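Quick note on the working numbering: the sequence shown kicks off at 530 and runs consecutively.
For reference, the structure is listed below as structure tokens.
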Amino acid sequence: MSTSADLLTTTERLHNFSAGPGALPTEVMLELRDELPVYRDLGSSIMEVSHRSAAYTEINERVVARMKRLLGLGDEWHVVFLQGGASMQFHQVALNFLPEGGVADYLNTGSWSTKAIKEAKIVARGRNAFANVAASSEEAGFTYIPDPSTWELSPQAAYLHYTSNNTIYGTEFHYEPEAEVPLVCDASSNFLSHPIETHRYGLIYAGAQKNIGPAGATAVLIREDFLQRRHEGLPTMLDYGTHTAKLFNTPPVYAVYIIEKVLAWIENHGGLAGMAARNDDKASALYGAIDATEFYRGTARPDSRSKMNVTFRLPSEDLEAQFVAEAKGEGLLALKGYRTVGGVRASIYNAVSMESVQALIDFMRHFEAARG
Ligand SMILES: Cc1ncc(COP(=O)(O)O)c(C=O)c1O
530 MSTSADLLTT TERLHNFSAG PGALPTEVML ELRDELPVYR DLGSSIMEVS
580 HRSAAYTEIN ERVVARMKRL LGLGDEWHVV FLQGGASMQF HQVALNFLPE
630 GGVADYLNTG SWSTKAIKEA KIVARGRNAF ANVAASSEEA GFTYIPDPST
680 WELSPQAAYL HYTSNNTIYG TEFHYEPEAE VPLVCDASSN FLSHPIETHR
730 YGLIYAGAQK NIGPAGATAV LIREDFLQRR HEGLPTMLDY GTHTAKLFNT
780 PPVYAVYIIE KVLAWIENHG GLAGMAARND DKASALYGAI DATEFYRGTA
830 RPDSRSKMNV TFRLPSEDLE AQFVAEAKGE GLLALKGYRT VGGVRASIYN
880 AVSMESVQAL IDFMRHFEAA RG
């Protein structure tokens, strides 16, 4: 008779291309299983104990240390895990860092950037300040990253906000913006997928549920000198200083516990350089398959293609629907494009293996041979 522990075998896990919450490493899943319902000598699971217990304190210290090691962050950086999703950060960033009568620059490269700009404008209105859209690719359906030569940056900006990977449209910055002012980055969908030059940033945030863990926690990295520029008199929970000073309230403990394991997995797989090599291989194989035929058509401009979310079309919407449904039948999950843009989207985050990408490529070839 199979026990519940037998049910989570690696062979039962299908190829998961979900855009988020997305695939996490199977090794991590197995560890989670092994640590339920009892964590080490606690006599309970980790989700049932105080966030001030020695066991959780140790996990929190480990996750912060791993994050700093992976990104090469010094003591001047704070690492906190907040709730409210990346969407909360859209507002919180502006609330903390858009000064009275000041300006912040935004690059508009997709729906998430648009939402971040909307929140910044709400804050700006009450402060006689300005959220400046320095560049946008909206006129072309967000299919590319605007060239830096076209950006209209404000010399006095408090920060330059950008979305490093556009989950819906399948575009990604392949460089880090050059600016005289600190960068603020929504890195939700390519966080820890490759090394970055952290000294250029004041703040980086990422919803955990794509590359680093389950939904429920948002990683926020803040540099101390940038933190010191924040607005005064903010609501306690929305003031970053509340969370960098100490563990103010109950954090999303189980999510953070899982993130700690995912970061360990990244460290054990070559760190960010290892992730970059792995992600390069997967993306070039998949784009290679798209470009090899007229049947599939990539939607992002080639120089702006995302290595995390690969978006493409087939000759008709009918064929796209059949593709997604038949792929599911073959164990290739969650390939439907975002509800407002359609098409096919394969999200190939860190944890998605080359084996899964190869299975998708094989399916694409068979599908084209049968329907092309
Ligand atoms: C780039 C990006 N930013 C922000 C969000 C919103 O994140 P959340 O649902 O955690 O608020 C998403 C969600 O998919 C995203 O992909």
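Ideal placement from N, C-alpha and C gives every residue a C-beta, glycine not left out.
Bear in mind the structure is a predicted one, so any value in this text is a computation, not a measurement.
Between the Cα of residue i and those of the options, spot the shortest distance and give me the residue it belongs to.
i	options	result
N625	S665, A658, A814	A658
K644	D563, Q621, S882, G817	Q621
S813	G731, P831, Y769	P831
R842	Y816, G860, K836	Y816
R826	M893, L600, W680	M893
T869	D570, W641, A584	W641
V839	A548, E541, T771	A548
N545	R900, H895, A875	A875
A708	G762, L636, S718, G699	L636
D754	R595, L559, E605, H895	E605
T586	A784, L776, V886	L776
G803	H723, P764, Q612	H723
G551	F824, F852, H580, N719	N719
V782	P554, I575, E564, L553	I575
V886	M837, N778, L565	M837
F852	A899, V567, Q738, G572	A899
G613	N778, G699, G745, D809	G745
Q738	K597, Q757, I787	I787
Terminal residues of the continuous alpha helix (DSSP H) containing residue i?
i	result
W794	782-797
F892	883-900
R729	Looking at the DSSP string, R729 is not in any alpha helix (DSSP H), and its letter there is neither H nor E.
R591	583-600
D832	Unbroken run through D832: none, as it is neither H nor E.
D676	Neither: D676 is in no alpha helix (DSSP H) and is coded neither H nor E.
D570	No alpha helix (DSSP H) holds D570; DSSP gives it neither H nor E.
M558	555-563
Alpha carbon to alpha carbon, what distance is there between residue j and residue i?
i	j	result
S882	E897	23 Å
D676	L712	17 Å
C714	N661	16 Å
M530	R562	In this predicted model, M530 has a pLDDT of only 34, less than 50, meaning its place in the structure is not dependable enough to derive any value.
L721	L861	24 Å
P684	V632	9 Å
I697	G639	7 Å
R752	L767	17 Å
R759	T771	12 Å
E629	R656	5 Å
S582	E849	51 Å
R542	A856	15 Å
G742	L599	16 Å
T672	H703	14 Å
L537	T692	For L537, the pLDDT reaches just 44, beneath the cut-off of 50, and the residue's location in the model is therefore unreliable, leaving the point undetermined.
I795	A615	22 Å
L689	D634	5 Å
A888	A854	15 Å
R591	A584	11 Å
F824	P844	6 Å
A806	E761	43 Å
E705	G858	40 Å
L571	A793	22 Å
H798	G699	25 Å
H895	S717	33 Å
E560	M617	30 Å
L553	A880	5 Å
I674	I725	18 Å
How would you write the range of the beta strand (DSSP E) that residue i sits in, first residue to last?
i	result
S665	659-665
D634	632-637
T840	838-842
S876	873-876
R752	747-752
Y691	689-692
F610	606-611
L712	712-715
Using beta-carbon positions only, say whether residue i and residue j come within less than 7 Å of one another.
i	j	result
T747	G736	yes
Y734	V749	yes
V593	V578	no
L627	A687	yes
S835	E667	no
N695	Y878	no
V557	V791	yes
I890	A818	yes
I588	E846	no
A649	A623	yes
F619	V785	no
P764	H580	no
For chain C, find out if any of its Cβ atoms is closer than 7 Å to the Cβ of residue i; answer yes or no.
i	result
V886	The question asks about chain C, but that chain is absent: this structure has only one protein chain.
Counting by C-beta, which residues lie closer than 6 Å to a heavy atom of ligand 1, in chain order? Having a Cβ closer than 6 Å to some heavy atom of ligand 1 are G549, G614, A615, S616, W641, T692, T696, D715, S717, S718, G736.
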